[in-house]
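First comes the structure, then the notes that go with it.
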Amino acid sequence: MGQQIDIEVPDIGQVGGWLARPEGEPTGALVVIQEIFGVNAVGRAFFDPVERNVELAYDEEGFRRGREMIAATGMERAVAIVAAAADWLRTALRDGGDDGTGSQRVGAVGFCWGGTVAYLANTRLGLPAVSYYGARTVQFLDEPLRAPMMFHFGGNDSAITAQDIALHRQHQPDAAVHVYPAAGHAFNRDVDPHAYEPESARLARQRTMELFHSALR
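Residue numbers (this note's numbering): 737 to 953.
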């Protein structure tokens, strides 16, 4: 089940989110970070500080507006939103009867632009994180990891070169870096038949869950 929530972000204001609760007692929590397309079925409201409830189509106009919204939002505000969401989740875990040891068990997973934000949630906030095809991460690769980290890349992604992937391995040797030869960019986007590559998405999800099961227990 799930519900709409609002998260108060210091110096920014309220940002919308969607809280999804699993059946049974959670062992931890995840902040899921959107692609560039705003509020839709596969991601939520990091653009709220600029414009509330932005939802963009998967077309050229959507890409154009998404890039504008990314520039207007900025990485600093994006990381601040993750920090506030993580604090909200820690409080929810604690208030839900957690014995205290689980109140820090929060990770981050992000896609495309959100994949880079997830990486920064690791280096700047210390959250275990998984980045799917984060094409903007190269400029931040000198930042040291502070928690377990995993990267997923499509072997046919025109936005992320083999050299870029090699730089991830070179600068972050402690991270798990996976490349899926049959996949391109956005291979996990199951609402887009032109991008989705189901076998790569299945294997990436399995590896992602293994990391979080280990890091958040």
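No residue lacks a Cβ here, since even glycine has one placed at the ideal position from N, Cα and C.
For the 9 Å CB-CB criterion, T852 and R882 do not form a contact.
When the beta-carbon positions are compared, H914 and A940 come within less than 9 Å of each other. Under the DSSP assignment, A821 falls in the alpha helix (DSSP H) whose first and last residues are 811-831.
Of the residues assessed, P785 falls on the buried side of the cut-off, its CB having 16 or more other CB atoms within 10 angstroms. Distance from the CA atom of H921 to the CA atom of G850, rounded to whole angstroms, is 13 Å. In this structure, DSSP gives F948 a helical state, which the three-state scheme calls helix. W754 is bridged by DSSP to Q740. Assignment of beta strand (DSSP E) within the stretch 870-925, counting only whole runs of 3 or more residues, yields 885-890, 912-916 in chain order. Distances from the CA of T827 to each of V842, V815, A814, F782 were compared; the closest alpha carbon is that of V842. G760 carries a coil assignment under DSSP once its states are collapsed to helix, strand and coil. A residue is called buried when at least 16 other Cβ atoms come within 10 angstroms of its Cβ; S894 does not meet this threshold and is exposed. Of V927, A919, L856, D926, the smallest CA-CA separation from Q908 is found for L856.
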